[in-house]
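K.L.:
This is the structure I want to talk about, given as structure tokens.
Number of protein chains: 2
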Amino acid sequence: MKIALAQLNYRIGDFELNTAKIYEAITEAKGHGADLVVFSELTVCGYPPEDLLDYEWFVEKCEQSLEAIAESCQGIAAVVGGVMRNREKGKGLFNVACFMQHGKIEHIVRKTLLPTYDVFSEARYFEPAHDVGVIDFKGVKLGIAICEDLWDMYNDFRYEKSPLQSLKLAGAQLIIHPSASPFNIGKIHLRDKVFSGNIQRFGLPIVYVNQVGANTDLIFDGDSQVINAAGQTVKQLPLFEEQIAYITLGNADFLGVPVHFSEPEETALMHDAIVFGIRDYVKKSGFKKIILGASGGIDSALVQALACEAVGPENVMALLMPSPYSSQGSIDDAIALSKNLGNEYQIMPINSIFEAYNQSLKPAFEKMPADLTEENLQARTRANLLMAMSNKFGYLLLNTSNKSEMAVGYSTLYGDMCGGLSPIGDVLKTKVYALANFINREQEIIPREILTKAPSAELRPGQKDSDSLPEYAILDEILHLYIEERRSRDEIKAQGYDSSMVDKIINLVNRAEYKRFQAPPILRVTTKAFGRGRQMPLVAFHG
Amino acid sequence: MKIALAQLNYRIGDFELNTAKIYEAITEAKGHGADLVVFSELTVCGYPPEDLLDYEWFVEKCEQSLEAIAESCQGIAAVVGGVMRNREKGKGLFNVACFMQHGKIEHIVRKTLLPTYDVFSEARYFEPAHDVGVIDFKGVKLGIAICEDLWDMYNDFRYEKSPLQSLKLAGAQLIIHPSASPFNIGKIHLRDKVFSGNIQRFGLPIVYVNQVGANTDLIFDGDSQVINAAGQTVKQLPLFEEQIAYITLGNADFLGVPVHFSEPEETALMHDAIVFGIRDYVKKSGFKKIILGASGGIDSALVQALACEAVGPENVMALLMPSPYSSQGSIDDAIALSKNLGNEYQIMPINSIFEAYNQSLKPAFEKMPADLTEENLQARTRANLLMAMSNKFGYLLLNTSNKSEMAVGYSTLYGDMCGGLSPIGDVLKTKVYALANFINREQEIIPREILTKAPSAELRPGQKDSDSLPEYAILDEILHLYIEERRSRDEIKAQGYDSSMVDKIINLVNRAEYKRFQAPPILRVTTKAFGRGRQMPLVAFHG
Numbered sequence: 016m017k018i019a020l021a022q023l024n025y026r027i028g029d030f031e032l033n034t035a036k037i038y039e040a041i042t043e044a045k046g047h048g049a050d051l052v053v054f055s056e057l058t059v060c061g062y063p064p065e066d067l068l069d070y071e072w073f074v075e076k077c078e079q080s081l082e083a084i085a086e087s088c089q090g091i092a093a094v095v096g097g098v099m100r101n102r103e104k105g106k107g108l109f110n111v112a113c114f115m116q117h118g119k120i121e122h123i124v125r126k127t128l129l130p131t132y133d134v135f136s137e138a139r140y141f142e143p144a145h146d147v148g149v150i151d152f153k154g155v156k157l158g159i160a161i162c163e164d165l166w167d168m169y170n171d172f173r174y175e176k177s178p179l180q181s182l183k184l185a186g187a188q189l190i191i192h193p194s195a196s197p198f199n200i201g202k203i204h205l206r207d208k209v210f211s212g213n214i215q216r217f218g219l220p221i222v223y224v225n226q227v228g229a230n231t232d233l234i235f236d237g238d239s240q241v242i243n244a245a246g247q248t249v250k251q252l253p254l255f256e257e258q259i260a261y262i263t264l265g266n267a268d269f270l271g272v273p274v275h276f277s278e279p280e281e282t283a284l285m286h287d288a289i290v291f292g293i294r295d296y297v298k299k300s301g302f303k304k305i306i307l308g309a310s311g312g313i314d315s316a317l318v319q320a321l322a323c324e325a326v327g328p329e330n331v332m333a334l335l336m337p338s339p340y341s342s343q344g345s346i347d348d349a350i351a352l353s354k355n356l357g358n359e360y361q362i363m364p365i366n367s368i369f370e371a372y373n374q375s376l377k378p379a380f381e382k383m384p385a386d387l388t389e390e391n392l393q394a395r396t397r398a399n400l401l402m403a404m405s406n407k408f409g410y411l412l413l414n415t416s417n418k419s420e421m422a423v424g425y426s427t428l429y430g431d432m433c434g435g436l437s438p439i440g441d442v443l444k445t446k447v448y449a450l451a452n453f454i455n456r457e458q459e460i461i462p463r464e465i466l467t468k469a470p471s472a473e474l475r476p477g478q479k480d481s482d483s484l485p486e487y488a489i490l491d492e493i494l495h496l497y498i499e500e501r502r503s504r505d506e507i508k509a510q511g512y513d514s515s516m517v518d519k520i521i522n523l524v525n526r527a528e529y530k531r532f533q534a535p536p537i538l539r540v541t542t543k544a545f546g547r548g549r550q551m552p553l554v555a556f557h558g
Numbered sequence: 016m017k018i019a020l021a022q023l024n025y026r027i028g029d030f031e032l033n034t035a036k037i038y039e040a041i042t043e044a045k046g047h048g049a050d051l052v053v054f055s056e057l058t059v060c061g062y063p064p065e066d067l068l069d070y071e072w073f074v075e076k077c078e079q080s081l082e083a084i085a086e087s088c089q090g091i092a093a094v095v096g097g098v099m100r101n102r103e104k105g106k107g108l109f110n111v112a113c114f115m116q117h118g119k120i121e122h123i124v125r126k127t128l129l130p131t132y133d134v135f136s137e138a139r140y141f142e143p144a145h146d147v148g149v150i151d152f153k154g155v156k157l158g159i160a161i162c163e164d165l166w167d168m169y170n171d172f173r174y175e176k177s178p179l180q181s182l183k184l185a186g187a188q189l190i191i192h193p194s195a196s197p198f199n200i201g202k203i204h205l206r207d208k209v210f211s212g213n214i215q216r217f218g219l220p221i222v223y224v225n226q227v228g229a230n231t232d233l234i235f236d237g238d239s240q241v242i243n244a245a246g247q248t249v250k251q252l253p254l255f256e257e258q259i260a261y262i263t264l265g266n267a268d269f270l271g272v273p274v275h276f277s278e279p280e281e282t283a284l285m286h287d288a289i290v291f292g293i294r295d296y297v298k299k300s301g302f303k304k305i306i307l308g309a310s311g312g313i314d315s316a317l318v319q320a321l322a323c324e325a326v327g328p329e330n331v332m333a334l335l336m337p338s339p340y341s342s343q344g345s346i347d348d349a350i351a352l353s354k355n356l357g358n359e360y361q362i363m364p365i366n367s368i369f370e371a372y373n374q375s376l377k378p379a380f381e382k383m384p385a386d387l388t389e390e391n392l393q394a395r396t397r398a399n400l401l402m403a404m405s406n407k408f409g410y411l412l413l414n415t416s417n418k419s420e421m422a423v424g425y426s427t428l429y430g431d432m433c434g435g436l437s438p439i440g441d442v443l444k445t446k447v448y449a450l451a452n453f454i455n456r457e458q459e460i461i462p463r464e465i466l467t468k469a470p471s472a473e474l475r476p477g478q479k480d481s482d483s484l485p486e487y488a489i490l491d492e493i494l495h496l497y498i499e500e501r502r503s504r505d506e507i508k509a510q511g512y513d514s515s516m517v518d519k520i521i522n523l524v525n526r527a528e529y530k531r532f533q534a535p536p537i538l539r540v541t542t543k544a545f546g547r548g549r550q551m552p553l554v555a556f557h558g
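Residue numbers (our numbering), protein chains in the order written: chain A, 16 to 558; chain B, 16 to 558.
Below, the structure is given as structure tokens:
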């Protein structure tokens, strides 16, 4: 039996485009003599459709698309994902994978385990399946397990059911595993664990097909693969690319020599994920060009380099907006960077605008000393200029804040927190340096000066980040423990960090919830990014 | 048996404050000779705690608080809500109501139905109860049903279980119903339906205790009540106020004459809810004073009047920021409004700043004609001035956008979309007028001119909202059908609306998702507000 794995990039809600892609893949697979083509989870509508599922027309479109695709399954079978209505009690929908052949949907398999944590909220829409069934296809008993259905014991909590165990008991010989599994650092390794764990438990080979493509904050990396009953990966599809691949099932197991694909080095992987995330957002949201504020600092330099990789330097505009507090060094560095990258840049000083604000505010402020207000004013003036350029010329504004800043609120709401997308809002400052060094791995693209000077917002004379924050190496460790590991103050202090510093940092994080509430969508690259996966009350006492 | 209903305002995560309130209420109830005091859902931590529940210390605090409160229950019993750990498989927590007496927790009742739709996401955290039990207390069999446990058939979908039916079968004679039920227009009426429906089905009297207080976007209105077995409300607590009230249970049912409290008129209710929402947000977030941009238009006038009611005119600052396109009439109207309300105001023209921006942008814009860019620039300049005042003096900036504008994106991101809280972001423009007229019900507070002139953003000469939008009466009907009723284009067109107008409006709504993603939290007063209750993909094809 020859099986095609269709790792494709869908656009959420674009039934016409998605259906066309699916047809095309079926036709191609048929041309290659495949018996079965497997697609990812929620194929026809893309994942995650979120509250579009509350619209009846959307669900109807899903059902109609599944029916229409089934009609085209002649001489080949397909497993296609979508949603279908639940006519009984409970939530109104099922998350399904349809087994299609002979021009119709022959079996509808429902998802049992509905992830509802971090970025997932499937219990909001779906009723779980209450039973499983196997499908006899050309003498092989197929068990279809949708995404989370294989993750029963690999999460923070343990599900009460094991769909795979039920499939095994029902006689399944091969597991078809359509998924929509978002990327984060560590995920590839975790998937290996899940697959090998399941194979140890049940001894069933697995055909894993993931969607590929970025849907705003969520990056789906693909990484589809086939694992034989011995737990060896015998086929692996690329990261961050569409591909249709083929594998042949022998008598009892998959043929093919084991491939040795291990998780790439963390920084390289994060780099590739972010570049892909920017590129797909730009494409799917209809933009062509990117703008960003280039300060001569490390964060904007990194975002600029990533943007140039994503859409080409010819589509990137760097806007330099020096203030009275900008050092000549920073301006020179920013210019050197644009020259190295080959993108266009413009210089637009903010002095006269800043002065006009100060004049207008003078009667209200009387003789009050300058403080954070004036620093924020500069950041917001820059945002206003960037948005004016975006409005006038149709640029997408990329945000340049990193995760450490976003965490402690060391950023100006409506100022440097602006942007349509935040590429490095899930990247701690120490990783920002690692990424910048990665970009410079073959030649100096980001000028050395940007990498070596002390970080500064340059919003007042002689300002340094270290005036108000601990060294980033320490800060990032504490942030990681608090945000990703969800440790308490006491647990973090028990690891030897200075007590008052821990308190200060955690208080800063908690007090900045209101800012992050209005932050742009952030490309998720860790297990806990700010955004939909971390829902915190704004008005609360955080202990 | 004498029962106390404790309708109190908790601060999320503030265990010290919440526990103190609970102790105090128990003491007071004991002083009044009560046998039992009933609190609302998740009493010790406040509702909704969201992802604070992912922190182990938070859960420990909940459990410790429940234990500590139980110790104080001597000579009186109490029903107190919180979360407790699940040591078995499944989600790590239970949403519980503890029955306490004799200094300890005697019974732990778990919630069965976990709302996971609109603003609720309880399946994210909790494992449902799998059984129910009744509690024998002074010869009466109490059945405790937490919030949604009474709503099995009163939602868009029908739950598979009816906890009340199980309690009835288990012999319950009285239902104790701790809740955290957020307000929206129509909710009071719906609660009546739920209570009377349940009493018709099971004939059991109900003691309903809701929390009161606003937690950012969610307004909990109180409205706690006691309904006898005949379905008559014999005790009803006020809306938007803390209160402890008492009721006596006779032999078989509650004593007391029926009270006739029906849902107040919609506009008055919306008014009271918003004023309460602003007041509680200001209080809980630690602000004292409010600032807002006063344009002389209806939206800002309404927000200003509501703010003055919420925190007193002495704590409200109206900032007038006329541009070259502001009419003298609007400036005069804005001044008259502040004089009528008695709040402070300042005039800060934006001309020179706007001019400085235009000069700085001139080389980039060359000779391109003015367009939306320059309109947005003005809105963003105003936001920058408002934020400067906020930063310098500690004002909370209130957003002044209404729901119609938020819906179609007729608002400037980082401009008039700024603010820490949006009081009327869930109020359609037609309701904005209704609220303004309500404020003027006894005397002209909002100048008549503001109510009668054609709506305009005044961002270019002679601009009117009606240049680019249909009349608000029609627009709001279509928005209501699309957003709250979740109708499709075709269904809306079938109701007789102009086809191209419907398409235009729905396209505008869909295209503005990216703006709303960065909007402030919006006080929720309808069944479908923008914000956490409406989660839409940003990059999607909306059909």
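Cβ coordinates follow ideal geometry from the N, Cα and C atoms, glycine included. This structure is a prediction, so every number in the text was calculated from the model and none was measured.
(1) May I ask you to list the residues that DSSP assigns as paired with methionine 115 (chain A)?
(2) Taking asparagine 230 (chain A) as part of the beta strand (DSSP E), name the residues at either end of that continuous run.
(3) Below 8 Å between beta carbons: does that hold for leucine 205 (chain B) and glutamate 163 (chain B)?
(4) Going by alpha carbons, who is nearest to tyrosine 410 (chain B) out of B:Lys298, B:Ala472, B:Gly357, B:Ile454?
(5) Give me, in chain order, the residues of the same chain whose beta-carbon lies closer than 8 Å to that of serine 300 (chain B); leave out the 5 immediate sequence neighbours on both sides.
(6) What residues of chain A sit near histidine 66 (chain B), judged by a beta carbon separation below 7 Å?
(7) Counting pairs of Cβ atoms below 8 Å between the region 336-346 of chain A and the region 311-320 of chain A, do you hit three or more?
(8) Taking alanine 44 (chain A) and isoleucine 259 (chain A) to be in contact with their CB atoms under 8 Å, please state how far apart those CB atoms are, rounded to whole angstroms.
(9) Leucine 496 (chain A): buried (16+ other C-beta within 10 angstroms of its C-beta) or exposed?
(10) Consider the C-beta atom of lysine 354 (chain B) and the heavy atoms of the ligand FAD; say whether any pair is separated by less than 7 Å.
(11) When the Cα atoms are used, what is the spatial distance from alanine 49 (chain A) to arginine 173 (chain B)?
(12) By Cβ distance, which residues of its chain are closer than 6 Å to leucine 270 (chain B), with the 5 residues on each side in sequence left out?
(13) Inspect the CB distances between the region 535-549 of chain A and the region 230-242 of chain A and report whether three or more fall short of 8 Å.
(14) Check whether chain B comes within 8 Å of histidine 557 (chain A), counting only Cβ atoms and requiring the distance to be less than that.
(15) By alpha-carbon positions, which one of A:Pro364, A:Ile305, A:Asn330 ends up nearest to tyrosine 340 (chain A)?
(16) Counting contacts by CB-CB distance shorter than 8 Å, is glutamate 71 (chain B) in contact with chain A?
(17) Looking only at its own chain, which residues have a Cβ that is under 8 Å from the Cβ of arginine 100 (chain A), when we skip the five neighbours before and after it?
(18) Below 8 Å between beta carbons: does that hold for glutamine 361 (chain A) and leucine 335 (chain A)?
(19) Around the C-beta of glutamate 65 (chain B), are 16 or more other C-beta atoms found within 10 angstroms, so that it is buried, or is it exposed?
(20) Please state whether DSSP places arginine 542 (chain B) in a helix, a strand or coil.
(21) Using a Cβ-Cβ cut-off of less than 8 Å, give me the residues of the region 363-375 of chain A that come near chain B, in sequence order.
(22) Taking the Cβ atom as the reference point for each residue, do glycine 96 (chain B) and proline 193 (chain B) lie within a distance shorter than 8 Å?
(23) Comparing C-alpha positions only, which one of A:Arg526, A:Ala83, A:Ala283, A:Val326 sits nearest to valine 447 (chain A)?
(24) I'd like to know if phenylalanine 532 (chain A) contacts chain B, where contact means its C-beta is closer than 8 Å to some C-beta of that chain.
(25) On the criterion of 16 or more Cβ atoms from any shown chain inside 10 Å, does alanine 185 (chain B) qualify as buried, or is it exposed?
(26) Identify every residue that forms a DSSP beta bridge with lysine 250 (chain A).
(27) Can you tell me which of A:Val272, A:Val94, A:Asp133, A:Glu142 puts its alpha carbon nearest to the alpha carbon of phenylalanine 114 (chain A)?
(28) Contact check, histidine 416 (chain A) vs glycine 440 (chain A) under 8 Å by CB: the rounded distance?
(29) Could you pull out every residue in the same chain whose Cβ sits closer than 6 Å to the Cβ of alanine 138 (chain B), ignoring the five residues on either side in sequence?
(30) Could you give the first and the last residue of the continuous alpha helix (DSSP H) run that contains tyrosine 5 (chain B)?
(31) By the criterion of Cβ-Cβ separation under 7 Å, what are the contact partners of lysine 299 (chain B) in chain A?
P.N.:
Working from what's here:
(1) DSSP, once it has assigned bridges, lists A:Ala93, A:Ile120 as partnering methionine 115 (chain A).
(2) First-last of the beta strand (DSSP E) with asparagine 230 (chain A): 227-230.
(3) Annotated as distal: leucine 205 (chain B) and glutamate 163 (chain B), with beta-carbon spacing of 8 Å or more.
(4) Ranking B:Lys298, B:Ala472, B:Gly357, B:Ile454 by Cα distance to tyrosine 410 (chain B) puts B:Lys298 first.
(5) The answer, listed in chain order, is Leu411, Gly435.
(6) The displayed chain sequence assigns aspartate, not histidine, to residue 66 (chain B). Going along chain A in sequence order, the residues near aspartate 66 (chain B) (Cβ under 7 Å) are Arg549, Gln550, Met551.
(7) Cβ pair count under 8 Å is three or more, so yes.
(8) That belief holds up - the Cβ atoms of alanine 44 (chain A) and isoleucine 259 (chain A) are roughly 7 Å apart, short of 8 Å.
(9) Answer is buried; the Cβ neighbour count reaches 16.
(10) This structure does not include the ligand FAD; it has no bound ligands of any sort.
(11) Using only the alpha carbons, I get a separation of about 43 Å.
(12) In the same chain as leucine 270 (chain B), and ignoring 5 residues on each side of it, the C-beta atoms closer than 6 Å to its own belong to Thr263, in chain order.
(13) Yes, the region 535-549 of chain A is in contact with the region 230-242 of chain A.
(14) At a cut-off of 8 Å between beta-carbon atoms, histidine 557 (chain A) makes contact with chain B.
(15) Nearest option by C-alpha distance: A:Pro364.
(16) Glutamate 71 (chain B) counts as touching chain A.
(17) For arginine 100 (chain A), same chain residues with a beta-carbon under 8 Å away, outside a window of 5 residues either side, are Val74, Glu78, Gly107, Leu108, Phe109 in chain order.
(18) Here glutamine 361 (chain A) is near leucine 335 (chain A), since their CB atoms are less than 8 Å apart.
(19) By the 10 Å Cβ count, glutamate 65 (chain B) comes out buried.
(20) Correcting the residue type first, residue 542 (chain B) is threonine in the shown sequence and not arginine. In the structure shown, threonine 542 (chain B) sits in coil (DSSP, three-state: anything other than H, G, I, E or B).
(21) Of all residues in the region 363-375 of chain A, Met363, Pro364, Ile365, Ser367, Ile368, Glu370, Ala371, Tyr372, Gln374, Ser375 have a Cβ within less than 8 Å of some Cβ in chain B.
(22) For glycine 96 (chain B) and proline 193 (chain B), yes; Cβs fall inside 8 Å.
(23) Nearest C-alpha to valine 447 (chain A): A:Ala283.
(24) Phenylalanine 532 (chain A) counts as touching chain B.
(25) Its Cβ having fewer than 16 others within 10 Å, alanine 185 (chain B) is exposed.
(26) A:Val241, per the DSSP bridge assignment.
(27) When A:Val272, A:Val94, A:Asp133, A:Glu142 are compared, the shortest CA-CA separation from phenylalanine 114 (chain A) is found for A:Val94.
(28) The amino acid at residue 416 (chain A) is misidentified as histidine; the sequence shows serine. With a Cβ gap of about 6 Å, serine 416 (chain A) and glycine 440 (chain A) count as contacting.
(29) Closer than 6 Å at Cβ, skipping near neighbours: Leu129, Thr131.
(30) Residue 5 (chain B) falls outside the range modelled here, since chain B spans only 16 to 558, and no answer is possible.
(31) For lysine 299 (chain B), the residues of chain A that pass the 7 Å Cβ criterion are Val554, in the order they occur in the chain.
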